[in-house]
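Novice: Just dropping this structure here.
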Amino acid sequence: MSWDRVQQLLGTENLALLQQKQVGIVGLGSGGGYVALALAMCGVSRFVLIDPDKLSVQNIIRHVADKRYIDQPKVAAIKDLILHRNPSAQVLAYQGRVEEHLKALLNIDLLIVGVDNEPTKYVINEFCLAQYLTAIYGGVYERGEGGDVVIISPNQGPCYACWAESLREEISFSDVSDHQSLDYGQVGPEGTLKAEPALWLDVVRVANTQANMALNILLQGTSAYRELPSNTVIIANQWLEIAEGHHIPPFGVEWVNIPRNPDCLVCGTRTQLKSLENALSLDELLKSEHTVRPSAQEEEQEDD
Ligand SMILES: [Zn+2]
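Written as structure tokens, this is what we have:
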């Protein structure tokens, strides 16, 4: 394999840096699978892949893995595809739910979230908060009309819970005949989304943005890093109304900044706790794989 072209573009040192970074990807469907392969093709060489599912006949028309991989675990299919591009890549593949494999994510540099399931995203959010880990979430809207990508960084801006609450209250679709607010609105009794029809190219536009942002974060501190205007980009594939009377045209994007909710039930208490942590000894707490929660008494003391 020759990395000459990537090396010429990114520089020898930056490519070497990418090859050292370990990226976790949870959810290897049409979006997550694409992100994995795209990052591998840009020089990322160490992956932790987690997904419970096998590739089905229905998947392959919108997945980087083709019919050769039917009935294989998606993690195994993606691992194979990565190794076909970069035989020296180190890929750890775990078939199962993320809750069963959180330990595998303890030493990664960045997490890519490619799942639709909201409860799973909340589990990931809590894990990232506890581990001071940056995560990039990608979401595709109904019928692939658009999507969004957000970078959730520890102790900086919102956690996923306050971000999701804020964004979904504010964005609505443009289709006046069927006007509905964006709540990824199809959550079924199990908390999972109904399979929504969306074209591969519309899904991939969002996934490509997610992959590109991941690459950017991995290159933070280098000459190749691009400063981003805010934490969230909304991508329109169709006309998309994101606020009353405010539309993004097809192929357009808009950056929005979603602030942290100081009353967020997930990160609000953690931030209050942070001053307490510093007083105790941040080093000790960092070593202890903590998922500290304030007791009721501490919460009362922190009220002011
Ligand atoms: Zn929060």
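Okay, so the sequence shown: first residue is -18 according to our numbering, each after it adds one. For glycine and all other residues, C-beta sits at the position ideal for the given N, C-alpha and C. In this text, all values refer to a predicted model and were calculated from it rather than measured experimentally.
1) Where does GLU235 fall in DSSP's three states?
2) Closer than 6 Å: is that where the CB of ALA116 sits relative to any heavy atom of ligand 1?
3) Which of the three DSSP states is assigned to THR115 in this structure?
4) Should ALA205 and ASN(-5) be called a contact, given that it needs their Cβ atoms to be closer than 7 Å?
5) Can CYS140 and VAL247 be called in contact, C-beta distance under 7 Å?
6) Which parts of the region 78 to 126 are runs of the beta strand (DSSP E), unbroken and 3 residues or longer, counting only runs that do not cross its ends?
7) Just how far apart, CA to CA, sit GLU225 and GLN(-11)?
8) Does the distance from the C-beta atom of ILE59 to that of LEU30 stay below 7 Å?
9) When you compare each of THR190, VAL45, ASP183 to VAL94 by their alpha carbons, which one comes out closest?
10) Within 8 Å, do at least three Cβ pairs link the region -2 to 15 to the region 209 to 223?
11) Report the partner residues of VAL131 according to the DSSP bridge assignment.
12) Taking ILE198 as part of the alpha helix (DSSP H), name the residues at either end of that continuous run.
13) Could you give the DSSP three-state label for ALA205: helix, strand or coil?
14) May I ask you to report which of helix, strand or coil DSSP gives VAL247?
15) In whole angstroms, what separates the C-alpha of ILE133 from that of ILE215?
16) Taking just the CA atoms, how far does PRO100 sit from ARG78?
17) Beta carbon of CYS109: closer than 6 Å to some heavy atom of ligand 1?
18) Identify whether ARG241 lies in helix, strand or coil by the three-state DSSP scheme.
19) Closest by CA to LEU18, which one among GLU235, ILE239, ALA192?
20) Under three-state DSSP, which class holds GLN53?
21) Answer yes or no: the CB of ALA145 versus the heavy atoms of ligand 1, is any distance below 6 Å?
22) For VAL25 and GLN219, what's the separation of their Cα atoms in angstroms?
23) Less than 7 Å between the C-beta atoms of VAL185 and VAL121, yes or no?
24) With hydrogens ignored, establish whether the beta-carbon of VAL131 is closer than 6 Å to any heavy atom of ligand 1.
25) Tell me whether LEU36 sits in a helix, a strand or coil according to DSSP, three-state version.
26) Could you check whether GLY249 and PRO243 sit closer than 7 Å to each other, using their CB atoms as the reference points?
27) Considering only residues of the same chain and omitting the five flanking positions on each side of LEU73, which have a CB-CB separation below 8 Å?
Specialist: On the basis of the coordinates in this document:
1) strand
2) no
3) coil
4) In this structure, ASN(-5) lies closer than 7 Å to ALA205 by Cβ.
5) yes
6) If we require 3 residues or more, the beta strand (DSSP E) runs fully inside the region 78 to 126 come out as 91 to 94, 116 to 121.
7) 46 Å
8) yes
9) Closest in C-alpha terms to VAL94, from the list THR190, VAL45, ASP183, comes THR190.
10) no
11) TYR118, THR213
12) 181 to 199
13) coil
14) VAL247: coil per DSSP, three-state reduction.
15) Near 15 Å, if we compare the C-alpha coordinates of ILE215 and ILE133.
16) Near 12 Å, if we compare the C-alpha coordinates of PRO100 and ARG78.
17) no
18) coil
19) ALA192
20) coil
21) no
22) Using only the alpha carbons, I get a separation of about 32 Å.
23) No. Outside cutoff.
24) no
25) Here LEU36 sits in coil by DSSP.
26) GLY249 sits close to PRO243, with the two beta carbons spaced by under 7 Å.
27) Hits under 8 Å: PHE28, VAL29, LEU30, ALA85.
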